[in-house]
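Counting in the numbering used here, the sequence shown runs from -14 upward without gaps.
A quick write-up on the structure given underneath.
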Amino acid sequence: MKKVISVVLAVLMISAICVPVFAAASPTDITTETSGTATVKVDESSLDAAEWYVVQIPADKDIAWGTESVDMNYKVACQLAEGKKLTVTVTGSDANTMKDENGGEDTIAYTPTGFDAKDFDAATGVGESATEVTSWVDADPAVKLTIPAANWEGIAVSVYKTTLTYNVALGTV
């Protein structure tokens, strides 16, 4: 019985030695005076995980009566694949006016700045991922609502409001 076990173990050890090594490529041995090359490239299967973007929009904002300029700018940070771009546009509800929240007839007209589509390409801002941004790029021109002083006059004192929608789209250049 001992002889049978020793033969079986010997066969198993020999077969374990014969297992081929699985590697991406074999190394090149240079045995004469010459040169060799090695190509280093980013693994294509890792590209999708490396691409990210984040657009930071302002929170709801209360402004004081008579305010003539309201900053509603957004910030962007991204690292996109070659040939892609991030497009951000801002749209306002109510045709560039703030309406009386209590249903009154008065409105406050504002002039929007920075509402047009703005493209951000390959690398904007700095970060490791959408959750680890270390610096941002502000939209230029900045998103701003300008309300002339005259627009605050001759209307009922009330709460006026509007809604801004920040549209973010990922596309190709």
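Cβ atoms here follow ideal geometry from the backbone N, Cα and C, with glycine treated the same way.
Proximity of residue i and residue j at Cβ, strictly below 8 Å
i	j	result
Thr131	Thr98	yes
Trp137	Trp50	yes
Met57	Lys129	yes
Asp79	Thr150	no
Phe100	Gly77	yes
Lys70	Thr157	yes
Glu36	Ala(-5)	no
Glu86	Tyr145	yes
Counterpart residues of residue i in DSSP-defined beta bridges
i	result
Lys103	Val73
Gly112	Val118
Tyr59	According to DSSP, Tyr59 bridges with nothing at all.
Asp123	Lys60
Pro97	Leu130
Ser(-9)	According to DSSP, which records beta bridges pairwise, Ser(-9) is partnered with nothing at all.
Asn159	With the chain running from -14 to 158 in the structure shown, residue 159 is simply not present.
Ser54	Thr131
Asp85	Tyr145
Thr92	Lys84
Thr157	Lys69
Candidates the options, of which the one nearest residue i by Cα
i	options	result
Thr52	Ala34, Thr150 and Ala94	Ala94
Val73	Thr119, Ala80, Asn81 and Val39	Val39
Ile42	Asp123, Pro12, Thr19 and Thr17	Asp123
Ser54	Pro126, Thr119, Thr96 and Val(-7)	Thr96
Val153	Glu90, Val75, Glu86 and Asn87	Val75
Thr22	Pro12, Ser31, Ser30 and Gly89	Pro12
Open item on the list: When you compare the stretch 109 to 117 with the stretch 60 to 74, are there three or more beta-carbon pairs, one atom per stretch, that lie closer than 8 Å?
Closed with: With a cut-off of 8 Å on Cβ pairs, the stretch 109 to 117 is in contact with the stretch 60 to 74, counting three or more such pairs.
TODO: Assess, as a yes-or-no matter, whether the stretch 135 to 143 is touched by the stretch 113 to 127 under the definition of 3 or more beta carbon pairs within less than 8 Å.
DONE: No contact exists between the stretch 113 to 127 and the stretch 135 to 143.
Task: Length-filtered (4 minimum) alpha helix (DSSP H) runs lying within the stretch 20 to 46 - done: 32 to 35, all fully within the stretch 20 to 46.
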